[in-house]
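Peer 1: Quick one: structure below, then a few questions.
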Amino acid sequence: MQSNVTRIVLADDHGMMRAGLAALIKSMPGFDVVGEAENGLELLEVIAEAEPDIAILDISMPSMSGTDAAARIRRDYPKVRTIALSMHRTEDWVLRALRAGVQAYVTKDAAAVELKEALRAVKEGDMFLSSKISRQVISRLLSEGEAGSKYDQLSDRQREILTLIADGKTNNQIAEILHLSPKTVEWHRAQIMERLGMKSLAELIRYVVRIGVVDP
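Note that the numbering used here has the sequence shown beginning at 222, numbered continuously upward.
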């Protein structure tokens, strides 16, 4: 196999889900599925044998949950990156998965393009959250703990802009929503990231998870 192909393993207790994921991933240039598992324990065995780059795992699986499996992967196979795939979109589920070490969280009802975006982001070392959950999770992460002390330094307008940034809005879209000029939004965005010590939304997510602003 060519060294530039990203090797993927899948873990889901539903065979049809695995088949659909495998077909989608194999249609993407530069990605290939090299193993499948029905639960977390089996996934660890597959990883040991297949030596993948990325593991896509369901959060709710028998024998060992996806969250527990992600924590084991982070400990035993630190070079393997993980993407959580789940029907659960509440903050507690997402935050628990992030604290376990997953680099991306995609809801099962998301469009196929989101999984593709997650794969590309994780491959490059970034993090990814489904659009349906990113805003609420980022808002909670920013409101607690050490991150909250930095968040308190932002003005009301900057908090408003940050929420829209977390929602995936561009500078032009934010300008239209808030009736500001794009240059004003750009200035606020630079100030926000400087005060938080961040350069990107992905870096922001990694930071708040790393410092443990919420309990798992």
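All residues carry an ideal CB built from backbone N, CA and C; glycine is no exception.
If we ignore side chains and look at the alpha-carbon of each, how far apart do Gln-292 and Ile-277 end up?
Peer 2: On the sequence shown, position 71 is the one that residue 292 refers to. On the sequence shown, position 56 is the one that residue 277 refers to. Residue 292 is actually Ala in this sequence, not Gln. Each residue's alpha carbon lies about 13 angstroms from the other.
Peer 1: Out of Met-249, Pro-250, Ile-294 and Val-226, which has the shortest C-alpha to C-alpha gap to Ala-232?
Peer 2: Numbered from its first residue, the sequence shown carries residue 232 at position 11. It is Ile-294 whose Cα lies nearest to the Cα of Ala-232.
Peer 1: Going straight from the alpha carbon of Tyr-326 to that of Ile-275, what length do you get?
Peer 2: Residue numbering aside, residue 326 sits at position 105 when the sequence shown is read from its first letter. Residue numbering aside, residue 275 sits at position 54 when the sequence shown is read from its first letter. So the two alpha carbons sit approximately 13 angstroms from each other.
Peer 1: Hey, how far is the Cα of Val-226 from the Cα of Arg-341?
Peer 2: For this step, residue 226 is matched to residue 5 along the sequence shown. For this step, residue 341 is matched to residue 120 along the sequence shown. Each residue's Cα considered, the two are about 12 angstroms apart.
Peer 1: Taking the CB atoms as reference points, tell me whether Val-230 and Glu-266 lie closer together than 8 angstroms.
Peer 2: To locate residue 230, count along the sequence shown from 1; it is residue 9. To locate residue 266, count along the sequence shown from 1; it is residue 45. No, they are not a contact pair.
Peer 1: Would you say Glu-407 touches the ligand ZN, meaning its beta carbon is less than 7 angstroms from a heavy atom?
Peer 2: The ligand ZN is not part of this structure, which contains no ligands at all.
Peer 1: Could you check whether Met-308 and Leu-324 sit closer than 8 angstroms to each other, using their CB atoms as the reference points?
Peer 2: Position 103 of the sequence shown holds residue 324. Position 87 of the sequence shown holds residue 308. For clarity, residue 324 is Gln in the given sequence; the question names Leu instead. No; because the gap between Cβ atoms is not below 8 angstroms, this pair is not in contact.
Peer 1: Could you name each continuous alpha helix (DSSP H) segment of 4 residues or more that falls completely within the segment 227-285, going from the start of the chain to the end?
Peer 2: Within the segment 227-285, the complete alpha helix (DSSP H) runs of at least 4 residues are 236-247 and 261-271.
Peer 1: Starting from Thr-303, follow the alpha helix (DSSP H) in both directions and report where the run begins and ends.
Peer 2: In the sequence shown, counting from the first residue as 1, residue 303 sits at position 82. Note, Thr-303: premise wrong, no alpha helix (DSSP H); beta strand (DSSP E) at 302-307.
Peer 1: Give the secondary structure of Val-323 by DSSP, where H, G and I count as helix, E and B as strand, and everything else as coil.
Peer 2: As a working note, residue 323 is residue 102 in the sequence shown. Coil.
Peer 1: I'd like the list of long-range same chain contacts for Ala-331, defined as Cβ closer than 8 angstroms, with 5 residues on each side in sequence excluded.
Peer 2: One-based indexing of the sequence shown puts residue 331 at position 110. So the list reads Ser-351, Ser-352 and Lys-353, once near-sequence residues are dropped.
Peer 1: Which residues in the same chain have their Cβ closer than 8 angstroms to the Cβ of Asp-297, if we skip the five residues on either side of it in sequence?
Peer 2: Locating residue 297 in the sequence shown gives position 76, counting from the first residue. Only Leu-265 meet the Cβ criterion.
Peer 1: Please classify Glu-367: does DSSP put it in a helix, a strand, or coil?
Peer 2: Numbered from its first residue, the sequence shown carries residue 367 at position 146. Note on Glu-367: pLDDT 49, under 50, position unreliable in the model; the coordinate value appears next. Glu-367 falls in the helix class under three-state DSSP.
Peer 1: Skipping 5 residues on each side, what residues in its chain have a beta carbon closer than 7 angstroms to that of Val-255?
Peer 2: Locating residue 255 in the sequence shown gives position 34, where the first residue counts as 1. Once the five neighbours on either side are set aside, the close Cβ partners of Val-255 are Arg-228, Ile-229, Val-230, Ala-271 and Pro-273.
Peer 1: For Ala-333, is the classification buried or exposed, using 16 other Cβ atoms within 10 angstroms of its Cβ as the cut-off for buried?
Peer 2: Reading the sequence shown from its first residue, position 112 is the one you call residue 333. So Ala-333 ends up on the exposed side.
Peer 1: Look up Thr-328 in the DSSP assignment and say whether it is helix, strand or coil.
Peer 2: In the sequence shown, counting from the first residue as 1, residue 328 sits at position 107. In the structure shown, Thr-328 sits in a strand (DSSP, three-state: E or B).
Peer 1: In this structure, does DSSP put Leu-375 in helix, strand or coil?
Peer 2: Locating residue 375 in the sequence shown gives position 154, counting from the first residue. Residue state, collapsed to three classes: coil.
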